[in-house]
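Undergrad: Its first residue numbered 0, the sequence shown is counted upward by one per residue in numbering that gives the first Met the number 0.
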Amino acid sequence: MNNVRKYPVGIQTFERLRKENYLYIDKTDLVWSITKESPFVFLSRPRRFGKSLLTTTLDSYFKGHKELFEGLKIMDLETEWEQYPVLHFDLSVAKTETSVDGLRKVLLRLLNGYKTIYGEGDYEDSPGALFSGIIHRAYEKTGKQVAVIIDEYDAPLLDKLHLPELLDGFSNVMQEFFIQLKANEALIRFCFITGITKFSQLSIFSTINNLTNISMDSKYAAICGITEEELATDMAIDIAMLAEEYECTPEEMHDKLKKQYDGYRFSEVSPDIYNPFSLLKCFNQRKIANYWFESGTPTFLIRQMQHFRTDITAMDRIEEPSDAFDRPTEAMDTALPLLYQSGYITIKGYDRESDIYTLGIPNNEVRLGFTRGLLPIYVGIDGPNVQKGLALKLWQALKKNDIDLAMQEMKAYFAGLPYVEGFQKKLAEVKNYEGFYEWSLYLIFSMLNVYVRTQVKCAGGRTDVVVLMPDTTYVFELKANGTAKEALDQINSKGYALPYETEGRKVVKIGVAFERETMTVGEWVVK
Numbered sequence: 000m001n002n003v004r005k006y007p008v009g010i011q012t013f014e015r016l017r018k019e020n021y022l023y024i025d026k027t028d029l030v031w032s033i034t035k036e037s038p039f040v041f042l043s044r045p046r047r048f049g050k051s052l053l054t055t056t057l058d059s060y061f062k063g064h065k066e067l068f069e070g071l072k073i074m075d076l077e078t079e080w081e082q083y084p085v086l087h088f089d090l091s092v093a094k095t096e097t098s099v100d101g102l103r104k105v106l107l108r109l110l111n112g113y114k115t116i117y118g119e120g121d122y123e124d125s126p127g128a129l130f131s132g133i134i135h136r137a138y139e140k141t142g143k144q145v146a147v148i149i150d151e152y153d154a155p156l157l158d159k160l161h162l163p164e165l166l167d168g169f170s171n172v173m174q175e176f177f178i179q180l181k182a183n184e185a186l187i188r189f190c191f192i193t194g195i196t197k198f199s200q201l202s203i204f205s206t207i208n209n210l211t212n213i214s215m216d217s218k219y220a221a222i223c224g225i226t227e228e229e230l231a232t233d234m235a236i237d238i239a240m241l242a243e244e245y246e247c248t249p250e251e252m253h254d255k256l257k258k259q260y261d262g263y264r265f266s267e268v269s270p271d272i273y274n275p276f277s278l279l280k281c282f283n284q285r286k287i288a289n290y291w292f293e294s295g296t297p298t299f300l301i302r303q304m305q306h307f308r309t310d311i312t313a314m315d316r317i318e319e320p321s322d323a324f325d326r327p328t329e330a331m332d333t334a335l336p337l338l339y340q341s342g343y344i345t346i347k348g349y350d351r352e353s354d355i356y357t358l359g360i361p362n363n364e365v366r367l368g369f370t371r372g373l374l375p376i377y378v379g380i381d382g383p384n385v386q387k388g389l390a391l392k393l394w395q396a397l398k399k400n401d402i403d404l405a406m407q408e409m410k411a412y413f414a415g416l417p418y419v420e421g422f423q424k425k426l427a428e429v430k431n432y433e434g435f436y437e438w439s440l441y442l443i444f445s446m447l448n449v450y451v452r453t454q455v456k457c458a459g460g461r462t463d464v465v466v467l468m469p470d471t472t473y474v475f476e477l478k479a480n481g482t483a484k485e486a487l488d489q490i491n492s493k494g495y496a497l498p499y500e501t502e503g504r505k506v507v508k509i510g511v512a513f514e515r516e517t518m519t520v521g522e523w524v525v526k
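#1: By Cβ distance below 6 Å, which residues in the same chain neighbour Gln454 in space, the five residues on each side in sequence not counted?
#2: Helix, strand or coil: which one does DSSP assign to Leu71?
#3: Which residues share a DSSP beta bridge with Asp350?
#4: Okay, do the stretch 64-75 and the stretch 137-144 touch, 3+ Cβ pairs below 8 Å being the bar?
#5: Just the Cα atoms here: how many angstroms apart are Pro469 and Arg504?
#6: Count the other CB atoms within 10 Å of the CB of Asn20; is the residue buried (16 or more) or exposed (fewer)?
#7: Run through the DSSP bridge pairs and tell me what Glu210 is partnered with.
#8: For a test of the three-state rule: what should DSSP assign to Phe265, helix, strand or coil?
#9: Helix or strand or just coil, what does DSSP make of Lys508?
#10: Taking its Cβ as the centre, do 16 or more other Cβ atoms sit within 10 Å of Glu420, making it buried, or is it exposed?
#11: Measure the C-alpha to C-alpha separation of Lys280 and Leu335 and round it to an integer number of angstroms.
#12: For the candidate residues Ile402, Leu109, Ala146, whose alpha-carbon lies nearest to that of Tyr60?
#13: Would you report the Cα separation of Leu389 and Met446, rounded to the nearest angstrom?
#14: Going by Cα to Cα distance, which pick from Phe189, Glu164, Ile207, Leu157 is closest to Phe176?
#15: Given a cut-off of 7 Å on the beta-carbon distance, is the pair Ile346 and Met314 in contact?
#16: In the DSSP output, which residue or residues are listed as bridge partners for Leu477?
#17: In chain order, what residues of the same chain lie with their CB nearer than 7 Å to the CB of Tyr245, ignoring the 5 residues before and after it?
#18: Could you spell out the range, first to last residue, of the alpha helix (DSSP H) harbouring His306?
#19: Please say whether Leu404 and Ala414 have beta carbons closer to each other than 7 Å?
#20: Looking at Thr193 and Asp150, is the spacing between their C-beta atoms short of 7 Å?
#21: Have a look at Leu165 and Lys35 and give me their C-alpha separation to the nearest angstrom.
#22: How far does the alpha helix (DSSP H) with Thr522 in it reach, from first residue to last?
#23: Report the three-state DSSP secondary structure of Val464 (helix, strand or coil).
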């Protein structure tokens with residue numbers, strides 16, 4: 000089967016995508032609906048989730064480029080195709096600015112492009128003043144209200160979260176810019192703002208009192224990303240081509256793609272959403288891989304996780320009300336809002352009665368990529384080396400059900416870790432030595448793409464580590480002050496393994512004692 004499809008990998012411009020016949024998953028009915036929702040709309044989605052394509056689609060719509068929408072759903076909805084002046088800004092270009100003056104210059108440079116069209120007035124020497132003047136002149140020149148589209152509004156701010164003195168200065172510049180939207184409300188037909196996070200102290204959230212946040216609106220849950228239905232229909236041929244490459248059935252390939260790229264939910268009632276960037280790149284490269292992490296884990300997120308001492312082992316099952324993870328960025332008292340808004344955890348379930356959401360890691364791609372990024376920070380060891388070394392050896396040993404070999408490999412690996420200042424600091428950051436090894440085992444087993452949980456509640460207490468393999472459940476109890484036999488006895492006396500004995504898998508109980516002096520596995524007992 001020949002691949003004749005053109006995948007829009009890295010292409011975020013709707014006009015180019017349509018003119019050059021790239022694959023497009025039709026979202027234009029939702030695009031049309033957004034324009035009727037409210038004069039001011041905000042949408043938060045993770046990076047590489049199609050926000051920029053959405054903004055350029057709105058750009059083409061408000062410019063009245065009807066020909067680009069031929070054959071799409073919007074043609075059954077829109078009858079007027081009225082043209083408006085459009086002011087479209089991509090603030091990702093200010094991401095690397097490190098000074099307040101530099102940010103002002105970037106905003107002025109973005110606005111200068113519109114000065115050539117609409118002219119300039121007196122005393123417009125600040126971004127806000129120039130922005131306001133351009134809105135007025137665009138309205139006067141065309142006789143039409145203005146459409147304002149702002150992509151990645153928070154890009155200049157994210158890397159400043161750990162620098163309050165710089166964040167305040169940047170926020171003041173942004174506030175002076177955005178407050179013009181409220182001041183010129185009567186001249187604005189529609190305003191659409193996207194970003195990853197939500198900074199409430201900016202004027203777009205504090206002074207635009209009619210701003211509609213659709214980020215968790217079930218109606219627009221699928222506005223970015225690819226749904227199960229879209230994959231099964233619009234991309235059936237792509238699944239078939241990839242299945243041929245992997246010598247498997249389309250059904251088997253669908254299952255592989257689901258585990259790797261699916262699992263996002265953006266509201267209490269939402270279809271599962273596939274990561275569009277990773278899925279399209281997978282089809283384009285004809286290979287299942289971890290594409291979302293090619294540019295690395297965002298530094299702003301890692302810094303905030305360190306700042307709040309985030310328990311990474313709890314990320315598979317977090318139960319919180321929405322205001323715990325959908326809160327303003329500067330009001331965070333945990334890293335949870337950033338983890339959710341950045342796409343590293345997502346909604347997995349919702350209990351309407353208690354109004355509690357269950358959150359967890361979306362899929363294998365995020366789990367493995369995140370693990371590789373966190374290993375050196377949380378444990379002091381290198382992710383890629385673990386993946387091709389210890390993780391591979393553990394996987395091979397566990398597949399053979401050779402627990403002794405697996406523990407010997409683990410002992411040898413921990414014994415080989417350099418006992419350096421950074422490693423000692425990692426030990427000091429956890430409540431106890433068992434906690435450090437829980438972190439280590441959690442991250443290492445996560446690299447195997449197997450289900451691993453720590454501090455699992457049961458009737459008798461909390462199990463240190465539970466690992467679920469396809470045909471075996473491993474129940475670990477760890478002791479830094481005690482013997483392996485005492486650890487195994489605790490598994491038995493507290494009934495840690497009982498919940499898994501009716502699941503049809505073999506249950507293996509492992510008591511492990513760590514040596515405090517050598518910082519490695521001392522002894523273990525298996526039953």
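All C-beta atoms, glycine included, are put in the ideal place defined by N, C-alpha and C.
TA: In terms of the structure at hand:
#1: A distance below 6 Å between beta-carbons, with the five flanking residues on each side excluded, links Gln454 to the following residues of its chain, in chain order: Arg461.
#2: Leu71 falls in the coil class under three-state DSSP.
#3: In DSSP, Asp350 forms a bridge with Ile355.
#4: As far as the Cβ criterion goes, the stretch 64-75 does not touch the stretch 137-144, which means the pair count is below three.
#5: If I take the Cα positions, the gap works out to 8 Å.
#6: Asn20 is classed as exposed because its beta carbon has fewer than 16 other beta carbons within 10 Å across all chains shown.
#7: Glu is not the amino acid found at residue 210; the sequence shown has Leu there. DSSP lists Phe39 as partners of Leu210.
#8: Three-state result, Phe265: coil.
#9: Correct three-state label for Lys508: strand.
#10: Since pLDDT at Glu420 reaches only 43, below the 50 mark, its modelled position is unreliable, and the value read off the structure follows with that caveat. Per the 10 Å Cβ criterion, exposed.
#11: Cα to Cα, Lys280 sits roughly 28 Å from Leu335.
#12: Ranking Ile402, Leu109, Ala146 by Cα distance to Tyr60 puts Ala146 first.
#13: Approximately 10 Å between the Cα atoms of the pair.
#14: The option with the nearest alpha carbon to Phe176 is Ile207.
#15: Not in contact: Ile346 and Met314 (Cβ atoms no closer than 7 Å).
#16: According to DSSP, Leu477 bridges with Val511.
#17: The beta carbon of Tyr245 lies closer than 7 Å to those of Met252 in the same chain, with the five residues before and after it left out.
#18: It spans 298-306 - the alpha helix (DSSP H) in which His306 sits, taken as one unbroken run.
#19: With contacts defined as CB atoms closer than 7 Å, Ala414 and Leu404 fail to qualify as a contacting pair.
#20: Yes.
#21: Looking at the backbone, the Cα of Leu165 and that of Lys35 are separated by about 38 Å.
#22: Residue identity check: residue 522 is Glu in the sequence provided, not Thr. Note, Glu522: premise wrong, no alpha helix (DSSP H); beta strand (DSSP E) at 519-525.
#23: Looking at Val464 - three-state DSSP - the assignment turns out to be strand.
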